[in-house]
Ligand code: SAM
Ligand code: SF4
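In my numbering, the protein residues as written are 228 to 686.
The following block contains the structure:
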């Protein structure tokens, strides 16, 4: 979500003729887009701002602004804490950012704008895209959240759940596709409840419309709340040819007692049933999840239930976090907080357990042929390019199941001229690692370039 917001910030600043610079020393304006989801993310904001003090001293006209969830949460308090800061703008103020910058430049004000509203300010597509040539992009389809999980700061810093009008979502995706984008990831804190409150269309209906869009190859979405995962959405994985076979379905805990205290509104049994339905409808679908360890009151027996659930589901991947108190979230007031060392230990146990499943799952892909959407040169290739070394090309992309594949094009001539970026190619998997796969393009093959019925060929 912050990547999408940062892109919107950059687009807005483009309208004031600012351009992105790779060098922070050269910048006339620095925007720090922040995350407040865990305490550690918030601490990083202040240490980063501390590092900017020297730059401001050398260049007094430099404008420094803080946006995002920490800005929304702390407001003017950040100006007090960081005396050289010019601007604090909240999660609903991105559309007003160019005006704020103009005030700072012309009137030398310090500005705080944390006003929230239930109306969504649509991105101004006329501003143009600041970064052409991307294969895959995020598209926020809704803002805020109404679920109030007891550990979570999102409803307080992002406001009430509000869905964007489907016509605006489609228009934005169409403009992305026209600029060469082949894959979109639809974003919302709970995409399953998209459009319900406003009586727009349902999320599966929105997916169907996007699926019909010429030129687009793949659709992803995140995040799906287990309590609202409908049969219609589960069937979309079978029915919609562009919908990738991956779902991120955060469980948070395997203990019903803890799920209740978290206000998640489902049980482990309901969750396991949904996993079965997903796997029966779409065999091979990748399922990933989020886990919080050390939630207040989590006993060793609760924790054991989480481990047991991880073993039962065998996720493709897991994001695991140590619980941290967040301002306003009701769990702050819960008793029986788990001590830091215990949280650390539980986190390690979860990650070690999951690693075994990730490695085992990836191993089963050895020698298989995977359809990969190529995102560009691999990191290794970029290093080779910088050295002007003409070698066989190494590319990177993802499978429909969201696994990173680095591959070699198998041609013994320098084929960087054959740009595979944005194409779907079949890759034979030769080696598997815990976080990526390695392979080779599978011989001479037709490659879809996205327009219905059209094919191109690479040697
Ligand atoms: N809306 C998504 C959902 O309901 O699953 C999750 C959104 S949140 C931005 C991403 C993840 O951060 C959560 O799934 C949770 O695991 C983790 N998280 C949120 N608050 C946390 C906290 N106070 N301490 C530790 N982890 C937290
Ligand atoms: Fe936070 Fe729960 Fe909303 Fe997700 S559903 S954003 S965890 S309150």
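We put the beta carbon where it would ideally sit given N, CA and C, even for glycine. Owing to the predicted nature of the structure, the values given are computational and were not obtained by experimental measurement.
When the options are compared against residue i, the one with the closest alpha-carbon
| i | options | result |
| --- | --- | --- |
| residue 368 | 575, 350 and 592 | 350 |
| residue 312 | 328, 427 and 480 | 328 |
| residue 230 | 243, 508 and 363 | 363 |
| residue 261 | 270, 255, 248 and 253 | 270 |
| residue 435 | 396, 665, 425 and 593 | 396 |
| residue 406 | 384, 361, 430 and 648 | 361 |
| residue 376 | 280, 341, 558 and 670 | 558 |
| residue 518 | 546, 579 and 365 | 546 |
| residue 454 | 603, 416 and 625 | 416 |
| residue 473 | 461, 484 and 287 | 461 |
| residue 602 | 309, 251 and 408 | 408 |
| residue 425 | 391, 404, 431 and 297 | 391 |
| residue 309 | 544, 374 and 291 | 291 |
| residue 620 | 301, 634, 629 and 630 | 634 |
| residue 243 | 540, 431 and 326 | 326 |
| residue 631 | 654, 653, 475 and 664 | 664 |
| residue 526 | 540, 573 and 432 | 573 |
| residue 366 | 343, 469, 341 and 398 | 398 |
| residue 595 | 343, 655, 401 and 388 | 655 |
| residue 579 | 625, 497, 555 and 544 | 544 |
Own chain, CB closer than 8 Å to residue i, minus 5 neighbours either side, in chain order
| i | result |
| --- | --- |
| residue 321 | 232, 235, 236, 239, 294 and 348 |
| residue 274 | none |
| residue 385 | 296, 299, 318, 370, 371, 372 and 416 |
Length of the line joining the Cα atoms of residue i and residue j
| i | j | result |
| --- | --- | --- |
| residue 510 | residue 499 | 15 Å |
| residue 464 | residue 314 | 44 Å |
| residue 505 | residue 306 | 48 Å |
| residue 422 | residue 451 | 14 Å |
| residue 649 | residue 529 | 45 Å |
| residue 514 | residue 284 | 49 Å |
| residue 267 | residue 516 | 20 Å |
| residue 501 | residue 485 | 19 Å |
| residue 532 | residue 577 | 11 Å |
| residue 661 | residue 562 | 38 Å |
| residue 467 | residue 457 | 15 Å |
| residue 495 | residue 444 | 34 Å |
| residue 252 | residue 289 | 10 Å |
| residue 334 | residue 282 | 22 Å |
| residue 666 | residue 583 | 21 Å |
| residue 276 | residue 520 | 30 Å |
| residue 419 | residue 332 | 43 Å |
| residue 668 | residue 636 | 5 Å |
| residue 623 | residue 323 | 37 Å |
| residue 477 | residue 568 | 24 Å |
| residue 346 | residue 587 | 46 Å |
| residue 492 | residue 483 | 10 Å |
| residue 560 | residue 566 | 15 Å |
| residue 670 | residue 657 | 14 Å |
| residue 535 | residue 585 | 16 Å |
Any non-hydrogen atom of the ligand SAM closer than 8 Å to residue i Cβ
| i | result |
| --- | --- |
| residue 479 | yes |
| residue 452 | yes |
| residue 495 | no |
| residue 529 | no |
| residue 320 | no |
| residue 550 | yes |
| residue 553 | yes |
| residue 514 | no |
| residue 546 | yes |
| residue 265 | yes |
| residue 190 | Residue coverage of the chain in this structure runs from 228 to 686, which leaves residue 190 outside it and unanswerable. |
| residue 463 | no |
| residue 327 | no |
| residue 556 | yes |
Closer than 9 Å to chain B by CB, residue i
| i | result |
| --- | --- |
| residue 515 | The structure shown contains no chain B, having only a single protein chain. |
Own chain residues within Cβ distance below 6 Å of residue i, not counting five before or after
| i | result |
| --- | --- |
| residue 447 | 412 and 471 |
| residue 303 | 339 |
| residue 254 | 248 |
| residue 564 | 523 |
| residue 382 | 372 and 375 |
| residue 553 | 380 |
| residue 647 | 601 and 622 |
| residue 431 | 459, 460 and 463 |
| residue 246 | none |
Contacts around residue i, its chain only, beta-carbon distance under 7 Å, and the 5 residues preceding and following it disregarded
| i | result |
| --- | --- |
| residue 489 | 376, 377, 378, 479, 480 and 522 |
| residue 280 | 311 |
| residue 659 | 589, 590, 592 and 593 |
| residue 265 | 548 and 551 |
| residue 403 | 364 and 411 |
| residue 427 | 390, 392 and 393 |
Original post:
So which residues touch the region around the ligand SF4, with touch meaning a C-beta under 5 Å from any heavy atom?
Top reply: After applying the 5 Å Cβ criterion, the set is 372, 374, 376, 379, 381 and 416.
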